[in-house]
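One structure is given here, and the rest of the page talks about it.
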Amino acid sequence: MTQTLALCDLAAGRCGTIVRIDAGLELGARMRALGLLPGRRVKVIRRSPFRGPIQVRAGQTDLIIRRGEAAAIMLLPCPAEAGCA
Amino acid sequence: MSKRIALVGMPNTGKSTLFNRLTGAGARVGNWPGLTVELLSAKLLLGDSMVELVDLPGLHNLHGFSEDERVARHFIETQPLNGILVVLNTTQLERQLALVLQLKALGLPMLLALNMADEAQHRGIRVHREVLEAQLGIPVRMISAKHGRGVPELKQSLTKWLRAHPEPSQARAAVLSEDDAIESTLDDMLSQSLHIPVCLSPTRTDRIDQVLLHPWLGIPLFLLLMLGVFQIVYGIGAPLQEGLAWLLDEARTRWLSPLLAGLPTWAMSFLLEGLYDGIGTVMSFLPIIVVFFLAMAVVEDSGYLARAAFLMDALMSRMGLDGRAFVMQLMGFGCNVPALMGTRVIRSRSQRIAAMMMIPFSLCSARLQVFLFFTTAIFSPRAAPWVLFSLYVMSFVLAFFTAWLMRSRTRHNTDPMLMELPPYRLPTLAALTRQSFRESGHFLRQAGGFIILGVTLVWFLTHFPLDAAPASSATLAGQLASWMEPIFTPLGIDQLLSIALLFGFVAKEIVIGSLAVIYGAGGDELSGVLAHNLDWIQAYSFMLFTLIYTPCLSALATIRRESGSRRVMWISLGWSLAVAWLLSFAFYQTARALFG
Ligand SMILES: Nc1nc2c(ncn2[C@@H]2O[C@H](COP(=O)(O)OP(=O)(O)OP(=O)(O)O)[C@@H](O)[C@H]2O)c(=O)[nH]1
Ligand SMILES: [Mg+2]
Numbered sequence: 006m007t008q009t010l011a012l013c014d015l016a017a018g019r020c021g022t023i024v025r026i027d028a029g030l031e032l033g034a035r036m037r038a039l040g041l042l043p044g045r046r047v048k049v050i051r052r053s054p055f056r057g058p059i060q061v062r063a064g065q066t067d068l069i070i071r072r073g074e075a076a077a078i079m080l081l082p083c084p085a086e087a088g089c090a
Numbered sequence: 002m003s004k005r006i007a008l009v010g011m012p013n014t015g016k017s018t019l020f021n022r023l024t025g026a027g028a029r030v031g032n033w034p035g036l037t038v039e040l041l042s043a044k045l046l047l048g049d050s051m052v053e054l055v056d057l058p059g060l061h062n063l064h065g066f067s068e069d070e071r072v073a074r075h076f077i078e079t080q081p082l083n084g085i086l087v088v089l090n091t092t093q094l095e096r097q098l099a100l101v102l103q104l105k106a107l108g109l110p111m112l113l114a115l116n117m118a119d120e121a122q123h124r125g126i127r128v129h130r131e132v133l134e135a136q137l138g139i140p141v142r143m144i145s146a147k148h149g150r151g152v153p154e155l156k157q158s159l160t161k162w163l164r165a166h167p168e169p170s171q172a173r174a175a176v177l178s179e180d181d182a183i184e185s186t187l188d189d190m191l192s193q194s195l196h197i198p199v200c201l202s203p204t205r206t207d208r209i210d211q212v213l214l215h216p217w218l219g220i221p222l223f224l225l226l227m228l229g230v231f232q233i234v235y236g237i238g239a240p241l242q243e244g245l246a247w248l249l250d251e252a253r254t255r256w257l258s259p260l261l262a263g264l265p266t267w268a269m270s271f272l273l274e275g276l277y278d279g280i281g282t283v284m285s286f287l288p289i290i291v292v293f294f295l296a297m298a299v300v301e302d303s304g305y306l307a308r309a310a311f312l313m314d315a316l317m318s319r320m321g322l323d324g325r326a327f328v329m330q331l332m333g334f335g336c337n338v339p340a341l342m343g344t345r346v347i348r349s350r351s352q353r354i355a356a357m358m359m360i361p362f363s364l365c366s367a368r369l370q371v372f373l374f375f376t377t378a379i380f381s382p383r384a385a386p387w388v389l390f391s392l393y394v395m396s397f398v399l400a401f402f403t404a405w406l407m408r409s410r411t412r413h414n415t416d417p418m419l420m421e422l423p424p425y426r427l428p429t430l431a432a433l434t435r436q437s438f439r440e441s442g443h444f445l446r447q448a449g450g451f452i453i454l455g456v457t458l459v460w461f462l463t464h465f466p467l468d469a470a471p472a473s474s475a476t477l478a479g480q481l482a483s484w485m486e487p488i489f490t491p492l493g494i495d496q497l498l499s500i501a502l503l504f505g506f507v508a509k510e511i512v513i514g515s516l517a518v519i520y521g522a523g524g525d526e527l528s529g530v531l532a533h534n535l536d537w538i539q540a541y542s543f544m545l546f547t548l549i550y551t552p553c554l555s556a557l558a559t560i561r562r563e564s565g566s567r568r569v570m571w572i573s574l575g576w577s578l579a580v581a582w583l584l585s586f587a588f589y590q591t592a593r594a595l596f597g
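Read top to bottom, the protein sequences are chains A and B.
For reference, each letter of the first sequence is one residue, going 6 to 90 in this note's numbering.
For reference, each letter of the second sequence is one residue, going 2 to 597 in this note's numbering.
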């Protein structure tokens with residue numbers, strides 16, 4: 006049951022550890038600066054309706070990310086009962 | 002030898018707040034990443050030497066691709082500097098410290114200020130300052146720029162640091178070290194110098210967001226909040242405005258008229274009906290402007306703008322734009338010019354141009370004055386706020402429609418939207434008043450400058466030749482108006498109003514002032530004259546046209562400068578004029594046919 010999942014498919018309230026980011030140089034650098042990089046844990050705080058953006062928490066920073074960009078972030082979901090992210 | 006220090010850091014870390022704190026200058030501050038998009042410098046006395054401190058736009062990294070980041074990077078790389086003062090958000094040290102390591106490659110002297118120490122303390126985040134200092138090899142200070150804590154000590158360190166680096170030097174061409182190497186060094190360092198509690202309890206921000214970002218309550222609440230803000234501005238500002246208008250009127254009849262009684266008629270007319278009425282009527286809006294900008298400052302500093310971006314992004318993406326363009330539309334409520342400049346955070350050029358095309362429809366505070374005056378003069382007190390509200394709705398509809406028309410260009414060229422959602426912050430009273438007074442000062446300076454000029458010109462046009470009846474068809478203004486008549490008659494806009502529109506092209510602040518001069522009546526009296534001369538259909542048609550036909554000359558100049566293209570400016574102007582005419586025409590003719 007350890008399958009990687011894209012960030013955009015992670016349910017609200019769940020967290021995961023980033024294993025890979027398939028983004029271009031520019032976007033990759035911006036993600037890195039905002040705390041999204043392999044090895045870091047992220048948690049989905051909420052998803053907005055109508056395919057709107059997702060709010061994620063990476064470390065101490067909350068981010069708004071669109072589903073399109075979130076699709077580039079592959080992660081290993083934490084077990085559902087795992088405590089705080 | 003002049004000394005110069007640059008403030009560098011990630012967006013929204015408090016650089017501008019610290020800049021204001023250190024120099025007493027009035028840089029714009031707001032809880033929105035990317036608020037500062039241009040360089041701002043001010044002098045600061047450190048020890049016995051005068052230093053120029055430069056506030057830069059925020060940088061995510063040295064690869065910086067957006068326009069505001071380019072501005073900052075270009076400055077750091079080309080200007081000789083005595084050093085850079087790096088400002089980081091202590092609560093987010095684990096990701097922000099990477100920037101310090103990247104900046105080290107530039108070979109410039111650095112001093113690190115860890116800002117928002119208050120928030121870090123609140124969250125139980127601890128930094129071992131001495132350890133970090135030793136690891137980085139640069140001085141580190143903990144501060145809270147907002148509350149001023151640690152700032153005197155920072156100043157002392159700066160003075161000492163400056164003595165050690167008296168000569169400005171040029172940044173080394175950035176030999177960007179491998180980011181992966183940086184990350185592993187960073188993790189090592191932080192494990193020794195940073196302590197973060199394992200389990201953070203839900204913060205106040207989390208609880209507020211449960212409500213304000215609720216999946217289906219979020220947008221209705223947004224609308225309600227906006228409505229509430231305008232109710233407050235209207236509720237506090239309108240009585241104050243009436244009071245001031247009454248005072249100005251009293252001063253005129255009691256003192257000014259008797260005082261000037263000996264002068265020739267034309268001179269008296271110029272001084273009283275020209276300068277005094279014109280400027281007085283504009284000035285009576287000062288209280289509303291102050292209250293309005295206070296409310297804007299609260300909204301900007303609270304962090305709600307980033308929430309608005311989150312809520313509206315889905316809708317904006319259907320039009321090829323994103324939530325940030327919507328926030329710029331909101332900032333445009335104050336003034337379109339900074340909102341146009343704020344589009345620098347958008348990296349895709351076609352999206353930026355689309356945002357610049359829609360912002361001019363944002364109902365700015367100058368246009369608000371015209372609408373407040375007209376709605377209170379023509380409509381009943383119950384109807385007036387709703388009429389005003391309908392104009393705001395119109396402003397959004399037109400902005401969205403414009404973006405929607407351009408969607409085929411913007412869709413293929415999307416800029417990823419990835420931004421920080423900062424915590425809610427309460428603005429301090431001092432910061433609020435400073436911000437509000439700065440904006441109002443802008444209004445006052447305008448009133449002192451080109452509004453005097455405009456009013457004088459309008460008086461001249463409506464009174465020359467001197468033997469003609471003021472503002473009659475025999476005067477210069479009358480002739481000008483008769484040329485424009487074929488354009489404006491189908492809109493129900495009469496000759497006198499069209500003269501005001503002509504001047505309003507320069508800036509909307511002039512419109513009410515010129516009407517006062519044209520009708521030879523200020524304040525309350527002008528309201529009466531307008532109510533007598535116009536029915537609601539004509540008035541609404543006039544307001545529609547005023548809303549749409551162009552913000553002002555400086556907005557046009559800003560579009561030209563920011564887009565780097567004269568063509569974009571002309572298209573924006575042509576589009577606004579065409580829409581203004583067509584819409585006013587459609588409204589006026591339909592309403593006439595329906596209501597007679
Ligand atoms: N709690 C707290 N808030 C602060 C402090 N310093 C700044 N702020 C707030 O942080 C927000 C951002 O401040 P700015 O000074 O505009 O940040 P900036 O670094 O200039 O941001 P950009 O211009 O976007 O790069 C504002 O809401 C400030 O009131 C601080 O020491 N403590
Ligand atoms: Mg700033």
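Using N, Cα and C, we set each Cβ at its ideal position, and we do this for glycine too.
Under a CB-based cut-off of 7 Å, is residue i close to chain B?
i                 : result
Gln-65 of chain A : yes
Ile-23 of chain A : no
Ala-34 of chain A : yes
Ile-59 of chain A : no
Ala-90 of chain A : Its pLDDT being 45, under 50, Ala-90 of chain A is placed unreliably by the model, and nothing is read from it.
Val-49 of chain A : no
Gly-40 of chain A : yes
Ile-70 of chain A : yes
Pro-54 of chain A : yes
7 Å is my cut-off, CB to CB: does residue i come that close to chain A?
i                  : result
Glu-95 of chain B  : yes
Leu-422 of chain B : yes
Thr-92 of chain B  : yes
Phe-504 of chain B : no
Pro-216 of chain B : yes
Phe-465 of chain B : no
Leu-159 of chain B : no
Residues in the same chain with beta-carbon distance under 7 Å from residue i, minus the five sequence neighbours each way, listed in chain order, please.
i                  : result
Ser-3 of chain B   : Glu-53
Gly-333 of chain B : Ala-340, Ile-360, Ser-363 and Cys-365
Met-329 of chain B : Ala-340, Gly-343, Thr-344, Ala-356 and Ile-360
Arg-56 of chain A  : Arg-72
What do you reckon, is the C-beta of residue i under 6 Å from a heavy atom of ligand 1?
i                  : result
Val-152 of chain B : no
Pro-424 of chain B : no
Leu-36 of chain B  : yes
Met-297 of chain B : no
Met-329 of chain B : no
Ala-146 of chain B : yes
Met-143 of chain B : no
Asp-69 of chain B  : no
Glu-134 of chain B : no
Pro-12 of chain B  : yes
Glu-120 of chain B : yes
Met-407 of chain B : no
Met-332 of chain B : no
Asp-1 of chain B   : In the structure as shown, chain B starts at 2 and stops at 597, and residue 1 of chain B therefore has no counterpart that could be examined.
Are residue i and residue j close, meaning C-beta to C-beta below 7 Å?
i                  : j                  : result
Arg-71 of chain A  : Gln-60 of chain A  : no
Arg-350 of chain B : Ser-67 of chain B  : no
Ala-326 of chain B : Ala-356 of chain B : yes
Ser-528 of chain B : Ala-378 of chain B : yes
Phe-465 of chain B : Leu-477 of chain B : yes
Gly-125 of chain B : Pro-203 of chain B : no
Just to check, is the beta-carbon of residue i closer than 6 Å to a non-hydrogen atom of ligand 2?
i                 : result
Thr-24 of chain B : no
Lys-16 of chain B : yes
Beta-carbon within less than 8 Å of residue i's beta-carbon, same chain only, minus the 5 sequence neighbours each way: which residues are those?
i                 : result
Cys-83 of chain A : Arg-19, Cys-20, Gly-21, Thr-22, Arg-46 and Ala-90
Leu-15 of chain A : Gly-21, Val-49, Leu-80 and Pro-82
Spatial neighbours of residue i within its chain, please: C-beta separation below 6 Å, excluding the five flanking residues on both sides.
i                  : result
Val-234 of chain B : Val-292, Phe-293 and Ala-296
Gly-467 of chain B : It should be noted that the sequence gives Leu, not Gly, for residue 467 of chain B. Within the same chain, Leu-467 of chain B has close Cβ partners Trp-267.
Any heavy atom of ligand 4 within a distance shorter than 6 Å of the CB on residue i?
i                 : result
Asn-32 of chain B : Absence of ligand 4 is noted for the structure shown, with ligand 1 and ligand 2 being the only ligands found.
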